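**Student:** Residue numbers (the numbering used here), protein chains in the order written: chain Z, 26 to 464; chain P, 26 to 464; chain S, 26 to 464; chain C, 26 to 464.
Ideal Cβ positions, reconstructed from N, Cα and C, are used throughout, including at glycine.
All values reported here derive from a predicted model rather than from experimental measurement.
Structure below; questions to follow.
Protein chains: 4
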Amino acid sequence: MTPRFKLFNDPVHGFVSVPKGLVLSLVETPEFQRLRRIRQLGLGFLVFPSAVHTRFEHGLGAMALMQDVLNTLQGKGTVMTTDEVEGALAAALLHDVGHGPFSHTLESNLIPRGASGRPFHHEAMSRAILARLDRLFGGALGVAAEIFDGTYVRPFFHGLLASQLDMDRLDYLRRDSFYTGVAEGVVGVERILKTMRVHGTGPNARVVIEAKGGYAVENALLSRRLMYWQVYLHKTVLAADRVLRGAFERARERWGSGDPALEATAPSLAPFIAGAFTADDFDDPENAPGAALDAFCELDDTDLLASMKRWRQSEDPVLADLSRRFLDRDLFRTTFLPTSPSEDQREAWLDAAADWLVAEGLADRASARDDARYYVGVHASRHDAYRTERDSICILERDGTVRELSVASDTGAVDAIATPVVKPYVVAPKALDLRSVLG
Amino acid sequence: MTPRFKLFNDPVHGFVSVPKGLVLSLVETPEFQRLRRIRQLGLGFLVFPSAVHTRFEHGLGAMALMQDVLNTLQGKGTVMTTDEVEGALAAALLHDVGHGPFSHTLESNLIPRGASGRPFHHEAMSRAILARLDRLFGGALGVAAEIFDGTYVRPFFHGLLASQLDMDRLDYLRRDSFYTGVAEGVVGVERILKTMRVHGTGPNARVVIEAKGGYAVENALLSRRLMYWQVYLHKTVLAADRVLRGAFERARERWGSGDPALEATAPSLAPFIAGAFTADDFDDPENAPGAALDAFCELDDTDLLASMKRWRQSEDPVLADLSRRFLDRDLFRTTFLPTSPSEDQREAWLDAAADWLVAEGLADRASARDDARYYVGVHASRHDAYRTERDSICILERDGTVRELSVASDTGAVDAIATPVVKPYVVAPKALDLRSVLG
Amino acid sequence: MTPRFKLFNDPVHGFVSVPKGLVLSLVETPEFQRLRRIRQLGLGFLVFPSAVHTRFEHGLGAMALMQDVLNTLQGKGTVMTTDEVEGALAAALLHDVGHGPFSHTLESNLIPRGASGRPFHHEAMSRAILARLDRLFGGALGVAAEIFDGTYVRPFFHGLLASQLDMDRLDYLRRDSFYTGVAEGVVGVERILKTMRVHGTGPNARVVIEAKGGYAVENALLSRRLMYWQVYLHKTVLAADRVLRGAFERARERWGSGDPALEATAPSLAPFIAGAFTADDFDDPENAPGAALDAFCELDDTDLLASMKRWRQSEDPVLADLSRRFLDRDLFRTTFLPTSPSEDQREAWLDAAADWLVAEGLADRASARDDARYYVGVHASRHDAYRTERDSICILERDGTVRELSVASDTGAVDAIATPVVKPYVVAPKALDLRSVLG
Amino acid sequence: MTPRFKLFNDPVHGFVSVPKGLVLSLVETPEFQRLRRIRQLGLGFLVFPSAVHTRFEHGLGAMALMQDVLNTLQGKGTVMTTDEVEGALAAALLHDVGHGPFSHTLESNLIPRGASGRPFHHEAMSRAILARLDRLFGGALGVAAEIFDGTYVRPFFHGLLASQLDMDRLDYLRRDSFYTGVAEGVVGVERILKTMRVHGTGPNARVVIEAKGGYAVENALLSRRLMYWQVYLHKTVLAADRVLRGAFERARERWGSGDPALEATAPSLAPFIAGAFTADDFDDPENAPGAALDAFCELDDTDLLASMKRWRQSEDPVLADLSRRFLDRDLFRTTFLPTSPSEDQREAWLDAAADWLVAEGLADRASARDDARYYVGVHASRHDAYRTERDSICILERDGTVRELSVASDTGAVDAIATPVVKPYVVAPKALDLRSVLG
């Protein structure tokens, strides 16, 4: 008898056992293999050199955790059908299959808003690819799609996939902590999974955490918050982000100008620079245009990197400079601000940047004020560590009652982090001294 | 040339390098070797079977972290003399040398309050042993003693030894997390040490944390809180604690009764059962009675365990029962209470316990109400995760200002945990159903 | 529905899930709880301070690996009954329940040879305790006993318990590597388990390793060899061993002399000093004398340690000196020898030791030559890294053939380590310079 | 005072401290930043998904180990100048700066042999880039270059950089084990470094291993052997290698054919397809042509991946098929052979492959026999685990003598692995059943 699993080595979870049949077939599709070329942490590797891990490992990892939690729940008496198990595993595997180059970094640029004004979100792409694979596999992904959409008759499956304590988050926190070397981001994944159980019946059944898992869950929320500020929203990551998006926007602006460097843009990337698709194309992911999917599935990190290597020889000094900065890691500086800067302040900074661009020979006087937009970015980073009001985490107390986490906790720590934190910041070249510029 | 260090294997920090000379000589004293027989986590091993690590490893570990942080501080320009370095290492090594059997468990029992009414604290014993070793080494521990006492002219050395973020805490959090397998207790020790620096000059110089270390410090406080509730104050640890202390108290009560089991008490333990020394003997640790030190340095975990093996054959059914329960891990149950129980409630529980003791044949009717004290314990566990008011942690902001941690933090999480948490609980045999007893 | 498992934290394997019912009941017996007081590595903690882990964790760990491998084998089509699974888990849990103080250290001393001349082995004690527990649990351990004895009708279960690649070895290698911090002892336990399968049918069915696991198995053998020479047979461990066994032997020699220190020997230890039981009592472990079992189950590391604390005040200077040396870690020195020393050499060393004892005031001239036996020990350490001839490891090649490991391997490395290595050595006080003594 | 180091997070070694000044400046050069885009394990990530780590981390890691070992050696009395320390760190950092796309995979293809017939080796490129950086930094890399070349007056520095136990190997073994999750590849790096010392004086001074490190060194050699067969020369890695090199060779063959897919080759890659440089250009790395260096420093993994995405739409079915296979991981199968196949056997396989290509529509009859070369590859993998004769590892015995490792070892295990192992194999599409083809 042949083993029923193919084993993948994973330094985070040990061996990952992929069930032969549908799930392994999904791993072997070009759509999923593409994720090997998408860095999980976007530009995080520019600060944490080891964090070059990809969405491929994360997809396998989320599936592995789904296996573990389903085993735990079944062990506590929750009966599941083979279709449900397979559907949940497939959904976990594919939940991020729609990510583009550098994951979140270019999400809002690659596919701009259409006439409707609604933004694109990678989940719509994941959903559209899932629909395509469902057609390819003769409808085998029906349950997976319903679990993904949250329409499946037993909603707790969706909760395991997409909630404040889902297999996605538990895998990425553990994995990103591992690869960055940020030890304090470690989450007690195994403990949390072991203390999950299904509470209630029928459509009201939901996943709750047994009381003894409460501290581990609190810790996971606090670790996630730490990972956001220490890693995902690290100052230098924000700066790199700005440089990459600046280059992308500049390339789009200059598209069609006949610049040979732009013409050497990787063909897979070209339609996205040109803005060939809009978010409106994904309003109905089940029926997204085939051409959009084809193009997207051709695209990965390498197209951006290969193109920027061309662009650094661009006739346009701004595009050349931004591309060189990105490739050689000569990034901007991020300065956090106590409050959002005034319009006057922004204008003063742009003026200063324009002067600096002229002095550096990166722009002529006529265009400098306009080009300055690429060199001074004012943004705000924001993180919700926990939301109490919606989709909250529930604790099953020893007396059988169920309470929302912040109520069950013995301190205000959960409450304290339930307030979103917003930090305004400005990004600009290090050589440009913004502190001396009056608003 | 002979290497200047002796290496000790340590799975937590890798190799620990003990400098030859004074520090290695201290490791080799019987006083320090005794720590090999004192479990670091007291009774924690009854819940976390692997947590049998000892104060010996912790002493070495605290010294190793002291080495690391002194290197970091010197690398940032803080000049130190050889005597200061050696003194700080010696003080870190010896800071817990005065712990008795099972560390904190019996601290208040072994050496009762004297006429003054002041309680004994293990730090007084550490200090007394340090003084004895200082005499033995011809005064070589003078700086170590001043650092220990907080009287050394550069107070930041004391801060590294005894504060809310000292080498003691950083080692025990990391170590206890490692041995218990409670992954979420992991603390970013290396990051915290690397972001420490000395700020200010002369006697005002103190250790601060650079801003980039702020999240790691917050995480350490939150992990410590988690370790308290999940490990140190675990329900079953509290229950085991009650059983052990009950046996000790009962043995003291019955001391001199002629019970052969009691006469077989380990000779090292006997004077402490007899109450030969009181806390008043340590009012001046430099001059604590030699007999008290001699006796204490003979005592370790093995005396308790060996004695309880005798006591379980005691003529006294209570002592026999408590000893058996401890050795075979047939422990009491801990129930947390919403509020501290009323006097009436306590009396009702004691009445119920008395009836149960009679029914079980553990007491006769005459003594049962009195013996019930050993079977129903009402206590409260308490944890201060952080104190803002005194000895607070300071953050060096990027603009050069120094702010207290809870002020520097971007959320109320630090504030939230700065309120001490107190949880009343009652401990009693599992067979005794306290919930049905009206108060 | 209540979960079917009780979880134990284990930093080595993560959570260990103990099935409720028979297996959990076995964990809760005093016989198994006693293992919490038996150090797994004997005196290894005197070299590797962190290696204070116990037979309790090892028993749980071996059971956990047995669970894993049974799952793997079932997943590859080997059908098992509930009784077989439970029996195999129970046998793995209890396989070392018969270990005495400091595991192997005193094995040959505690229970001397009887009239038959056959030596005692801890496995006979494990077997006797298993029989006792079987009676206690009404015959529920029948299959476990047969698996333990190797008489069960499907012999591969015994192979998983006791062979050159069994769950015992895999757990202790992984665990001892973890606790000593000897990273290079790490074994790919998970990989080896995942590549095991049952080959053949009926009574010929045996466990083999699939070809892809071959390197991991070779590595395990080589790691085991490294652990023997680097840890188990470390020079200082051999020296500590000699000191402890010397103290035990001396105490036995002086037993009945009226020495108050000896009279204060821990009562649990006394019958073993007195030689109350012999190996012949365990010729038929099923029917070992109840008194022997009762006495043995009272005994653990603490009795030795507590007794030696008394003995160091003995009237006998040799017993006092050996005990002090052990407790304060003032151990002998081990010197490896190119060949086994001649009788003349040994005599010359003993003469030198006798002179030294007199000079040190540890013996008078009359007894010195006789006492010298405790101060000069000539022994040989021996390790078989792998045996090709008996109970060999088999590899299932990709073409379906089965070959013995050393044949399947592509180099002579396995062959090379299949020759037992024997290293003669002499142990003596550091102050006694043996090198200058002519033979 | 500003800290003297910039810290980099590294999950393998913890924090890596890069000294400010020359070494940090080298890290910041485009030449070194390029290594962020070169996978350390070449195509290993196609078998071990997590093994996407890069030469950038490895360069930092080798430098970090060099720091550690220099500290150890200085601690044992070996005096070094500041220039020597800086030179050794710089040389360790840059030792692999000349690696091309996917590290070793394309080494022999990118830069073909010139008229002289000598092959290219990446070390020549590292050396040429080092010379370029030396010019850029005004001669600051003189000592580094001599250490690299082995001409420095104290040869032991070269030994730390390039020998059978150098910082390069110790870092890559530890790192590759970490990222692949192959736990049994773990090497006791810290132990080995701590037992190194300089033995002898003047130009005869060399690095030896103290006797107590002997087992750790043996283990490192055995782990390296395991990593070769289990990871570096894994069957599927060999197959992927063949597919990638086939695509490269085919592209070179078809270069200039006007195929639009080929014309879309990444411009950085184009000159290497065209064979613009030969190994002869690097006979004198100090004076390698600037154009060759410029071109090489533009090249990384992304160019190959981006180009293959184009090539899979090639007019040439062979190039298109090989490119698709690589990107979608539809790889060939590797079959190890007992002996090197005969010429007749090879011909028979090529005939079979030709038939299969025609049947699949990948070639027409006229070209099929020629195209078959891309589908049937006969090779041999070879690994020298240890060489006793040249550049051997020396052990400093406790008696002060120095012996070569295989002599010092107590078994034949080192000898056994000192014989190179050669394994012939054939690589071909899975659909092509070679076993049925008679030779």
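1) Find out if the Cβ-Cβ distance for the pair S/D193, S/S282 is shorter than 9 Å.
2) Please report the straight-line C-alpha distance between S/M26 and S/R199, rounded to a whole angstrom.
3) Between S/F40 and the rest of its own chain, which residues show a CB-CB distance below 6 Å, the 5 nearest in sequence each way excluded?
4) Can you confirm whether C/E243, when its beta carbon is compared against all beta carbons of chain S, has any partner nearer than 9 Å?
5) Report the three-state DSSP secondary structure of S/F181 (helix, strand or coil).
6) Give the straight-line distance between the Cα atoms of P/A388 and S/M150, rounded to the nearest whole angstrom.
7) Buried or exposed: which applies to Z/P1, given that a residue is buried once 16 or more other Cβ atoms fall within 10 Å of its Cβ?
8) With a cut-off of 8 Å on the beta carbons, I'd call Z/A236 and Z/R61 a contact; round off their distance for me.
9) Taking 9 Å as the cut-off, decide whether the C-beta atoms of S/P126 and S/L362 are in contact.
10) Once the 5 residues before and after Z/W374 are set aside, which same chain residues still bring their CB inside 6 Å of it?
11) Would C/R179 be called buried (16 or more neighbouring beta carbons within 10 Å of its own) or exposed?
12) What does DSSP give as the partner residue(s) for C/I420 in the beta ladder?
13) Any beta-carbon of chain P closer than 9 Å to the one on S/Q58?
14) Let me know the secondary structure DSSP gives C/S282 once reduced to three states.
15) Taking 9 Å as the CB-CB cut-off, is P/A438 touching chain Z?
16) Return yes when the C-beta of Z/Q58 is under 8 Å from any heavy atom of the ligand COA, and no when it is not.
17) Can the beta-carbon of C/L251 be found closer than 9 Å to that of C/V207?
18) With a cut-off of 9 Å, does the C-beta of S/E340 fall near any C-beta of chain P?
19) Using a C-beta cutoff of 9 Å, does C/T364 count as contacting chain Z?
20) Is the distance from the Cβ of P/Q189 to the Cβ of P/D416 below 9 Å?
21) For P/T364 and Z/I234, I'd like the C-alpha separation in whole angstroms.
22) Using three-state DSSP, classify P/Y197 as helix, strand or coil.
23) Are the beta-carbon atoms of S/L186 and S/L158 separated by less than 9 Å?
24) Is the beta carbon of S/A286 closer than 9 Å to that of S/F302?
25) Under 8 Å by Cβ, that's how I've got P/A272 and P/P296 pegged, so tell me the actual separation to the nearest angstrom.
26) Can you give me the start and stop residues for the alpha helix (DSSP H) that C/A241 sits inside?
27) With a threshold of 9 Å between beta-carbons, can S/S50 be considered close to chain P, or not?
28) Checking contacts by CB at 9 Å: is Z/Y177 closer than that to chain P?
29) Tell me whether Z/G213 sits in a helix, a strand or coil according to DSSP, three-state version.
30) With DSSP as the reference, label P/D341 as helix, strand or coil.
31) Any C-beta of chain C sitting closer than 9 Å to the C-beta of Z/V43?
32) Under a three-way DSSP split, which group does C/L457 fall into?
33) Which chain Z residues are close to C/P292, counting only those with a beta carbon under 7 Å from its beta carbon?
34) Looking at C-beta atoms only, is the number of pairs between the region 36-51 of chain S and the region 385-399 of chain P that lie closer than 8 Å three or more?
35) Scan the region 212-232 of chain C for residues whose Cβ lies nearer than 7 Å to a Cβ of chain P and list them as they occur along the chain.
36) Under a three-way DSSP split, which group does P/M26 fall into?
**Tutor:** Short version:
1) no
2) Low local confidence applies: a pLDDT of 48 at S/M26 is under 50, so the model's placement there is unreliable, with the coordinate-based value given in what follows. A direct Cα-to-Cα measurement between S/M26 and S/R199 gives close to 35 Å.
3) Cβ neighbours of S/F40 beyond the five flanking positions: L32.
4) yes
5) helix
6) 37 Å
7) Given a span of 26 to 464 for chain Z in the structure shown, any question on residue 1 of chain Z remains unanswerable.
8) Rounded, the Cβ-Cβ distance is 41 Å, inconsistent with contact.
9) no
10) V401, L459 and V462
11) buried
12) C/I234 and C/R428
13) yes
14) coil
15) yes
16) For the structure depicted, the ligand COA is absent and the ligand set is empty, with no information on it obtainable.
17) yes
18) no
19) No, C/T364 lies away from the interface with chain Z (no Cβ there is under 9 Å from its Cβ).
20) yes
21) 24 Å
22) helix
23) no
24) no
25) At roughly 17 Å, the Cβ-Cβ gap does not stay under 8 Å, so P/A272 and P/P296 are not in contact.
26) G239 to M252
27) no
28) So, not an interface residue.
29) coil
30) Note: P/D341 maps to coil in three-state DSSP.
31) no
32) Per DSSP, reduced to three states, the secondary structure at C/L457 is coil, with no helix or strand assignment.
33) A289 and R335
34) no
35) Taking 7 Å as the Cβ-Cβ cut-off against chain P, the residues of the region 212-232 of chain C that qualify are E215 and K219.
36) Residue confidence for P/M26 is low, a pLDDT of 48 falling below 50, so the modelled location carries little weight and cannot support an answer.
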